[in-house]
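Protein chains in written order, with our numbering: chain R, 28 to 140; chain U, 33 to 146.
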């Protein structure tokens, strides 16, 4: 079946540090890939997405590139802020009837001033 | 204006009781979902409805029964609550299929069964 594997957390960084969160996937078809973010006490919201190989999704300084050869979609940000502290989820969805969004386990990021 | 709203935000109840969680979306989306988030933050889809029709039912116990009176509402009724049902339940909606349409989530309902 389809699955998403994220690196183990939590992750704690100082403000302005470089961030990488690893994500790899297994899919039966050609999936769309997503990063969702969950701020404390809130629901998830879409951060960025990519729908085909070599596409780069970007938003709020975050980037991720769809790498079909390594089945990866790693999230990066050059300089994190305290306000980036949240839980980050990698997810995939394979096109087809009744497609569903499958999430990784999520990783908690804490950014200290 | 809240796009996807759930009520209640918190629900504390005893084992064996029956409870409901309500969800409404004002985005005009045609697909709605229920997800369960466990204590380790892992999210798993439970149900999906498209235009009031059930399209995904992921090996969820029969004690859980979703109801969609119209495409803007998807409620979740849980019978005979068990300790293992304690979790945060998220409602979400999208316009079309999830592979090309982002999901919009509510803020969750934290259910605690004692």
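From the three backbone atoms N, C-alpha and C, an ideal C-beta is built for every residue, glycine too.
Look up residue 59 (chain U) in the DSSP assignment and say whether it is helix, strand or coil.
Looking at residue 59 (chain U) - three-state DSSP - the assignment turns out to be coil, as it is neither helix nor strand.
Check whether the segment 119 to 137 of chain R touches the segment 118 to 134 of chain U, counting contact only when three or more Cβ pairs, one atom from each stretch, lie closer than 8 Å.
yes
Own chain, CB closer than 7 Å to residue 86 (chain R), minus 5 neighbours either side, in chain order:
Answer for residue 86 (chain R): 74, 75, listed in chain order.
Could you tell me the alpha carbon to alpha carbon distance between residue 56 (chain U) and residue 146 (chain U), rounded to whole angstroms?
27 Å
Hey, would you say residue 79 (chain R) sits closer than 8 Å to residue 90 (chain R), going by beta carbons?
Result no, Cβ atoms of residue 79 (chain R) and residue 90 (chain R) do not sit closer than 8 Å.
With DSSP as the reference, please indicate the residues paired to residue 49 (chain U) in a beta bridge.
DSSP lists no partner for residue 49 (chain U).
Does residue 140 (chain U) have its Cβ less than 8 Å from a Cβ in chain R?
yes
For residue 85 (chain U) and residue 102 (chain U), what's the separation of their Cα atoms in angstroms?
10 Å
Taking only the alpha-carbon atoms, compute the straight-line gap between residue 139 (chain U) and residue 139 (chain R) and give it to the nearest angstrom.
25 Å
Best match in R:54, R:136, R:62, R:49 for proximity to residue 109 (chain R) [C-alpha to C-alpha]
R:136
Please confirm whether residue 65 (chain R) and residue 31 (chain R) have their CB atoms less than 8 Å apart.
no
Would you list, in chain order, the members of the segment 85 to 102 of chain U that have their beta-carbon closer than 9 Å to a beta-carbon of chain R?
87, 88, 90
Pick helix, strand or coil for residue 110 (chain R), following the three-state DSSP scheme.
helix
Taking Cβ to Cβ, would you say residue 124 (chain U) is nearer than 8 Å to residue 137 (chain U)?
yes
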